[in-house]
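The listed protein sequences correspond, in order, to chains A and B. Under our numbering, the first residue of the first sequence carries the number 10, and numbering increases by one thereafter. Under our numbering, the first residue of the second sequence carries the number 2, and numbering increases by one thereafter. Here's the structure, in structure tokens; my notes come after.
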Amino acid sequence: MANESSDSGSNKYSQVVQNKPVAAKKKPWWLLALKFLFLFVVVLSVVLFTDAKSYFEPDQSNNHTSRKWDSFYSFTETDTVDVVLVGNSHCYAGVNPKNLSAALGANCFVLASPGTTLMDSYFCLKEALERTHPTVAIIETYGINNTVNHKLTEGGLSDQFRSYNARKNLPMKLASMPVLFSPEYYIPAWSKTIRNHDFIFRDREQIERNIEQNRNKPEKKNDKLYLGRFVSSTTGIEDSTTLKYDVLGAPVDGTKWEVNGENSKYVRKIVELCDQHHVTPVFVTLPMYYRHIKNYPVWKKTVASVLEPTGAAWLDLQEPYDTATFDQSCFENTIDPNQHMTYTGSLRGTYKIAHFLVDSLKINFPQRSATKHWNDLFYGEEGYFENYSSRENDTVHVMICQNKTFNGIEIVDCIMLRGMEKNVVYVKVGKESVGEVPADKIRLYAAIRYNGQRVVTSFDCIRQLDFDPIGHHLYAVILLKNAEMQEIIDVAII
Amino acid sequence: MLFNSFSFGFFLIVVYLLYWLIFNRNIKIRNLFILAASYFFYGFWNWKLLILIVIVSATDFISGYLLYMEERTARRKMFLALSLAINLGILGFFKYCNFFIGSFYSLLHLFGSTASFTPLSIILPVGISFYTFQGLSYVLDIYYRKLEPTRDFVAFFAFISFFPQLIAGPIERARDLLPQFSTSKTFDYDATRKGLFLIAVGLFKKIVIADRLAIYVDSVYADVTAVHGLPALMAVVFFTFQLYLDFSAYSQIAIGTAQLFGFKLSTNFNKPYLSTSFKDFWARWHITLTNWFRDYLYFPLGGNRKGKIRTYINVIIVFAVSGLWHGASWNFVIWGFLNGVFLAVFDKTFHLNPKNVPAKIVSCLFVTAMWGLSLVFFRAATFGDALAMFGNMGFGNAGDLFSHGFDKVEFNFTLILLAGLILIEIFLKNRQEKVSDFFFNRFFPLRWLVYFIIIIVTIYLGVYGVDSDNTFIYFQF
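In structure tokens, the structure reads:
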């Protein structure tokens with residue numbers, strides 16, 4: 010294999026060439042092209058075979074990106090998505106689509122993918138708009154930064170591959186390829202084999218799992234209506250972590266936040282895309298813990314310089330920061346710069362977004378919650394009973410009372426949710442009767458059946474900060490398993 | 002744009018089709034197209050540094066013309082000096098500026114100075130050592146009246162920047178390559194086939210073997226103080242093969258690529274690890290550079306015409322300069338110096354270049370081993386690291402062999418690849434045949450099987466992708 014030389018230094022080769030008959034020298038170019046093509050097709054077939062068999066597929070058990078696109082296409086076969094959300098992990102960790110749907114009485118879907126860029130968000134949105142006709146597109150702003158797609162490497166590039174692979178619109182994928190990847194990654198973007206061939210030496214067990222069919226599918230979640238939620242952390246910031254802020258300071262410095270021309274361009278393109286499809290674009294900045302960032306006004310100014318010229322609406326939940334709502338429980342327990350919201354944080358963020366859309370932007374969503382189809386779809390899902398009443402024949406979510414007024418306090422409804430360990434009573438109090446700034450507690454005087462006996466007693470119901478529905482305040486109290494509420498006798502604000 | 006990148010694959014296909022279907026109908030237009038393609042190829046990495054290639058090309062083109070026209074010796078020397086100053090000035094500034102200033106400060110420290118030096122932020126332009134040397138050979142050949150200058154500046158600019166060999170050679174002589182830009186090209190089935198085969202073999206060597214060896218070598222050299230015994234020795238052995246495979250693969254791909262366009266480039270490697278003497282080795286290793294130094298430095302220094310001692314001194318000077326050419330660091334100078342000493346001393350002392358087979362094997366192992374040991378200076382980041390590596394080599398700690406990027410399976414696979422490579426080289430050397438000649442005389446199903454295996458193994462077992470650093474070693478020079 011050694012001597013790489015051309016024929017210039019080889020007498021033998023020269024002789025061979027010189028002694029060949031003229032006809033042999035004049036073999037046509039197309040013969041070589043044909044042979045080359047044949048070899049190419051054979052090799053391509055082998056690669057396509059291993060691609061089709063998914064022998065080089067990474068572990069799919071936690072691939073929610075792929076799952077959400079599958080679910081999006083499935084959902085939009087019969088339904089229209091009214092609010093589509095795009096962005097990266099901050100978006101899917103910070104917004105709860107079922108609660109947003111319930112709050113708005115509409116269909117909301119999160120199409121965010123981890124670690125992706127604004128360009129990726131643009132193409133995700135573009136593909137989504139080909140498929141459905143939303144009223145609002147929400148674009149989370151963390152992706153508006155200095156990332157240059159063509160320079161992505163390692164983890165960032167893998168995230169981009171994952172998002173790209175999950176999308177399904179072939180022409181759009183082809184069109185977006187030059188924007189999302191440098192030419193070096195065109196082929197890896199399409200072929201799992203090329204991308205992950207090193208599993209042969211680095212992760213043979215994964216190949217073995219892949220060869221044993223059906224052992225590497227996305228984990229089946231017990232969730233028939235999947236709208237793109239994914240929460241990676243449930244516990245909030247611990248006190249020991251806040252001490253680190255004292256010692257180390259804020260891990261994120263707003264003065265270091267930059268936005269490049271490519272990102273600015275795609276902000277404009279997103280707004281133009283929305284205009285073309287008659288969709289209202291809304292940019293949303295989901296918060297990090299206030300002690301996590303220093304010099305945020307500088308960051309804000311940087312992002313504003315890109316967003317404001319577009320005239321699009323922008324909800325910035327980082328500033329002004331709502332300290333009452335976004336407490337330590339709302340944020341991932343980390344001092345890593347890339348801090349996400351917890352489940353609690355996502356609920357609170359979601360209702361902030363819902364109020365912004367309805368109260369500030371006055372957007373009229375199709376009132377799907379008035380339809381049977383929508384209620385059938387969402388009944389019993391996350392956020393449903395916090396926003397809507399239970400059905401009369403529902404023996405698990407029992408309606409206690411509906412549309413009654415006690416001492417001028419309007420009770421929209423009161424539902425008892427029967428559980429295995431305990432029963433929870435939700436009381437919805439009309440906002441108009443108590444004002445926008447509600448009391449932390451209300452006192453219910455109610456009749457309950459306790460161990461088979463009717464008892465009249467009082468309960469203090471605590472306002473649920475995680476849920477802030479559009480038309481009412483939500484209060485709740487937990488009852489013992491063997492205590493069932495029967496009737497509300499009176500209500501007082503305390 | 003690396004040869005082992007998908008970008009280059011796309012580039013090559015597009016340029017090849019445009020070349021044969023459109024631009025090859027007229028020599029001037031064809032050369033202009035080659036020049037444009039070559040500049041695109043280089044500019045894809047850093048278009049701003051194209052200006053250096055333009056300056057070098059223009060300087061050498063004008064110098065060549067002036068040297069040819071001028072009869073007066075003094076003025077010819079002045080033109081030559083000017084050309085050398087510009088070529089070597091560019092090379093010196095971009096490659097050696099920090100090295101010389103840093104060395105000067107180190108020298109001051111020896112005399113008690115506490116002055117500190119912050120290296121200047123200078124990008125090392127890829128391929129600068131290669132294209133400046135190629136340009137200089139043109140000027141020097143005209144100066145020595147061995148060559149007539151060309152008046153076709155497009156052909157000359159294309160000669161300096163010809164993309165298959167722009168980045169890492171082979172360093173072509175104008176008398177060999179430049180005339181090829183003046184001849185018309187017709188599609189040659191056999192040459193194209195051989196070119197494609199050379200590219201495939203080169204990619205296999207680079208992607209499957211050299212880059213795999215790099216995983217182990219990089220892991221060990223990342224912290225040489227932490228690796229002891231056999232793993233350190235294995236890193237030295239692996240780097241010996243990595244360097245050869247990496248660079249010879251580049252040369253093969255360059256020659257194969259040029260062949261697709263109807264150009265013939267010079268041989269750069271010829272089974273160097275089967276050399277039985279150091280002289281033999283240097284006739285087989287980086288042949289075009291060795292010849293360059295021989296013609297333009299060794300001979301002007303007097304060569305072997307001024308007595309034994311002066312010959313040895315000349316050899317050592319040439320090799321030390323060659324070391325410095327490779328990299329701006331004293332490690333490279335030591336590496337070059339050592340090889341000069343090996344050539345000057347061992348061949349004569351031990352009467353290497355034996356006739357019988359056992360002696361040939363011993364000589365071959367000795368030459369390769371000494372070369373491999375000298376490469377510790379080539380690979381180590383600092384002089385201290387190189388010394389630590391020598392201190393740590395041994396035969397213990399065999400259990401640690403699999404903790405440097407390879408598991409047992411990959412380690413054994415690598416050894417099998419190397420064994421296969423050595424056997425093929427021995428086989429071809431015994432037959433005195435080149436791989437492509439041997440290969441294309443075989444029965445076609447065997448050929449197709451080999452094509453298929455080379456491509457499939459490269460795809461499935463190659464080291465490439467998102468997390469791999471696949472740059473050719475000689476790109477840094």
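Note that the Cβ used here is the ideal one computed from N, Cα and C, for glycine as well. These numbers were taken from a predicted model, which means no experiment stands behind them.
| Asked | Found |
| --- | --- |
| Compare the beta carbon distance of V209 of chain B and G421 of chain B with 8 Å and say whether it is the shorter of the two. | no |
| Using the Cβ count rule (16 or more neighbours within 10 Å means buried), how would you classify T248 of chain B? | It is Phe, not Thr, that sits at residue 248 of chain B in the sequence shown. Buried, because 16 or more other Cβ atoms sit within 10 Å of the Cβ of F248 of chain B. |
| Can you tell me the Cα-Cα spacing of V157 of chain A and F190 of chain A, whole angstroms? | 10 Å |
| Going along chain B in order, which residues have a C-beta closer than 9 Å to the C-beta of W38 of chain A? | W21, F188, Y190, T193 |
| Rounded to the nearest angstrom, what separates N491 of chain A and V443 of chain A at their Cα positions? | 32 Å |
| Beta-carbon within less than 7 Å of W177 of chain B's beta-carbon, same chain only, minus the 5 sequence neighbours each way: which residues are those? | Before going on, a small fix: residue 177 of chain B reads as Asp here, not Trp. So the qualifying residues of the chain are S267. |
| Who are K437 of chain A's beta bridge partners in DSSP? | A:D422, A:L483 |
| For a quick check, are the C-beta atoms of V7 of chain A and R427 of chain A less than 8 Å apart? | Here chain A comprises residues numbered 10 to 503, so residue 7 of chain A is not present and cannot be evaluated. |
| Near V316 of chain B, what residues of its chain come up, given a Cβ to Cβ distance below 8 Å and the 5 sequence neighbours on each side ignored? | Y299, G341, L344, A345 |
| Three-state secondary structure (DSSP) at L416 of chain B? | helix |
| Output the distance between the C-alpha atoms of R452 of chain A and R357 of chain A, rounded to the nearest integer angstrom. | 24 Å |
| Counting only the same chain and skipping the five closest in sequence on each side, list residues whose C-beta sits under 8 Å from that of P30 of chain A. | Below a pLDDT of 50, predicted positions are generally treated as unreliable, and P30 of chain A, at 46, falls in that range; the measurement from the model is reported next regardless. Taken in chain order, the list of residues that qualify is empty. |
| Near S104 of chain B, which residues of its chain fall below 7 Å by C-beta distance, leaving aside the five closest residues on each side in sequence? | none |
| Based on Cα-Cα distance, which residue from B:I87, B:A259, B:G65 lies nearest to R1 of chain B? | The first residue shown for chain B is 2 and the last is 478, placing residue 1 of chain B beyond what the model contains. |
| Put P290 of chain A into one of helix, strand or coil per three-state DSSP. | strand |
| Can you tell which of B:I256, B:F163, B:K96 has its C-alpha closest to the C-alpha of R31 of chain B? | B:F163 |
| Are T359 of chain A and S338 of chain A close, meaning C-beta to C-beta below 8 Å? | no |
| Give me the Cα-Cα distance between F94 of chain B and S122 of chain B, rounded to the nearest whole angstrom. | 11 Å |
| Using a cut-off of 8 Å between C-beta atoms, extract the partners of E193 of chain A located in chain B. | S6, F7, S8 |
| Less than 8 Å between CB atoms is the rule here; does L462 of chain B satisfy it with respect to chain A? | yes |
| Does Y461 of chain B come out as helix, strand or coil in the three-state DSSP assignment? | helix |
| Any beta carbon from chain A within less than 8 Å of G373 of chain B's own beta carbon? | no |
| Against chain B, which members of the segment 54-76 of chain A pass a CB distance test of less than 7 Å? | V55, V56 |
| Under 8 Å Cβ-Cβ, which residues of chain A neighbour E173 of chain B? | What E173 of chain B touches in chain A: nothing, since even the nearest Cβ is about 10 Å away. |
| According to DSSP, is T312 of chain B helix, strand or coil? | helix |
| Beta-carbon within less than 7 Å of S375 of chain B's beta-carbon, same chain only, minus the 5 sequence neighbours each way: which residues are those? | W336, L339, N340 |
| Hey, does Q327 of chain A have any beta-carbon neighbour from chain B nearer than 8 Å? | no |
| Quick one: what does DSSP say T162 of chain A is sitting in, helix, strand or coil? | coil |
| Once you ignore the five residues that flank T226 of chain B on each side, which residues in its own chain have a CB closer than 7 Å to its CB? | A389 |
| Report the three-state DSSP secondary structure of V31 of chain A (helix, strand or coil). | The predicted model places V31 of chain A with a pLDDT of 46, which falls under 50 and marks its position as unreliable; any figure quoted below should be read in that light. If DSSP states are grouped into helix, strand and coil, V31 of chain A belongs with the helices. |
| For a contact meaning CB atoms closer than 7 Å, what does H159 of chain A contact in chain B? | Within chain B, no residue comes near H159 of chain A; the closest Cβ sits about 11 Å away, beyond 7 Å. |
| In chain order, what residues of the same chain lie with their CB nearer than 6 Å to the CB of T141 of chain A, ignoring the 5 residues before and after it? | T85, T89, V90 |
| Locate the beta strand (DSSP E) running through R472 of chain A, then write down its first and last residues. | 462-472 |
| Answer yes if the segment 15-24 of chain B comes into contact with the segment 461-473 of chain A, meaning at least three C-beta pairs across the two stretches below 8 Å, and no otherwise. | no |
| Quick one: list the residues of chain A neighbouring G44 of chain B, beta-carbon separation under 7 Å, in chain order. | Per Cβ cutoff of 7 Å: no residues; G44 of chain B is ~14 Å from chain A at best. |
| Check for me: the alpha helix (DSSP H) holding K253 of chain A runs from which residue to which? | 248-257 |
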